[in-house]
Structure formats: structure tokens, C-alpha cells
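Engineer:
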Ligand SMILES: [Zn+2]
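Residue numbers (UniProt numbering): 1 to 119.
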């Protein structure tokens with residue numbers, strides 16, 4: 001669980017961003033493109049996991065300076081990895097009254113509808 005959902009708008013974030021850019025020599029730390037101050041600070045360990053590990057949102061050791069392209073690629077990989085971790089959604093049947101009767105009438109459902117079902 002994130003303690004601060006939007007650190008980008010905080011004064012702390014605005015203060016640490018130039019430090020991270022300077023530390024990276026104003027270059028993307030993945031592709032080494034020169035960015036000046038136009039780069040983005042990225043959490044090396046994703047924000048969704050840092051609270052669990054006791055890492056602060058503004059901890060400079062967990063921040064890197066990336067170009068938009070490298071940042072997007074990393075974020076997409078993290079999102080894809082997050083999706084893989086979740087168990088697949090189980091199929092749940094709707095509880096709309098009359099569903100079984102409707103499906104039986106269309107021939108999709110071959111089992112007789114429940115007797116106590118209201119139509
Ligand atoms: Zn890059």
C-alpha cells in the first residue's frame with residue numbers, strides 16, 4: 001500500500017529530482033541519452049513494493065533518471081509482471097433472475113432452469 005499516492009506533486013519530490021538528474025550526469029541511466037532536466041525519476045523498486053520493503057518514496061538509492069521511452073518500457077514490464085502474478089479470474093455465473101430460463105429457451109442451456117427461480 002502506498003503511503004503517498006502522488007509524490008510528484010510534493011515539494012520533496014521537486015527537491016530530489018535535480019539531485020537525481022545531476023547524479024546521472026543528466027543522462028538516461030538505461031540508454032545514456034542526454035536529457036538535461038527533461039528526464040524522469042523512476043523508482044527502481046516499484047512504488048507498489050517499497051512500503052512492504054521499508055524503502056521510503058524519496059529514498060535516492062531507489063531512484064534513477066530515465067528518458068520517457070525507457071521509463072515507459074520499464075513501467076510496462078512491471079505492469080505485465082504484476083498481471084502475471086495475479087491468479088486468473090475464475091468464471092462466475094451471473095445471478096440475473098431468469099438467466100437459466102432465457103438460455104434454455106435459446107437452446108444454449110440444456111439443463112432445466114431451477115424451480116425456485118423467478119422469471
Ligand atoms: Zn533511455
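Cβ atoms here follow ideal geometry from the backbone N, Cα and C, with glycine treated the same way.
Keep in mind it's a predicted model, so treat the numbers as computed, not measured.
Give me the Cα-Cα distance between residue 106 and residue 96, rounded to the nearest whole angstrom.
Structural biologist: The count along the chain shown starts at 1 and reaches residue 106 at position 106. The count along the chain shown starts at 1 and reaches residue 96 at position 96. One C-alpha to the other measures close to 16 Å.
Engineer: Can you give me the Cβ contacts of residue 29 inside the same chain, cut-off strictly under 7 Å, excluding the 5 residues immediately before and after it?
Structural biologist: Here residue 29 corresponds to residue number 29 of the chain shown, with the count starting at 1. 64, 65 and 66, listed in sequence order.
Engineer: Any heavy atom of ligand 1 closer than 6 Å to the CB of residue 78?
Structural biologist: Stepping through the chain shown from its first residue, residue 78 is reached at position 78. It does not: the Cβ of residue 78 is nowhere closer than 6 Å to a heavy atom of ligand 1.
Engineer: Please name the residue, chosen from 33, 16 and 22, that lies closest to residue 68 on a Cα-to-Cα basis.
Structural biologist: In the chain shown, residue 68 corresponds to position 68, counting from 1. Nearest option by C-alpha distance: 33.
Engineer: Compute the minimum distance between the beta carbon of residue 33 and the heavy atoms of ligand 1, and state whether it is under 6 Å.
Structural biologist: Position 33 of the chain shown holds residue 33. Yes, the Cβ of residue 33 comes within 6 Å of a heavy atom of ligand 1.
Engineer: Between the Cα of residue 12 and those of 51, 59 and 76, spot the shortest distance and give me the residue it belongs to.
Structural biologist: As a working note, residue 12 is residue 12 in the chain shown. The shortest C-alpha separation from residue 12 is found at 59.
Engineer: State the Cα-Cα distance for the pair residue 102 and residue 79, rounded to the nearest angstrom.
Structural biologist: Counting from one through the chain shown, the residue named residue 102 turns up at place 102. Counting from one through the chain shown, the residue named residue 79 turns up at place 79. Whole-angstrom Cα-Cα distance: 39 Å.
Engineer: The beta strand (DSSP E) spanning residue 59 covers which residue range?
Structural biologist: Here residue 59 refers to the residue found at position 59 of the chain shown. Element bounds for residue 59: n/a, residue is neither H nor E.
Engineer: Could you check the C-alpha separation between residue 81 and residue 57 for me, to the nearest Å?
Structural biologist: The residue you call residue 81 lines up with position 81 of the chain shown. The residue you call residue 57 lines up with position 57 of the chain shown. Taking the straight line from one Cα to the other gives about 21 Å.
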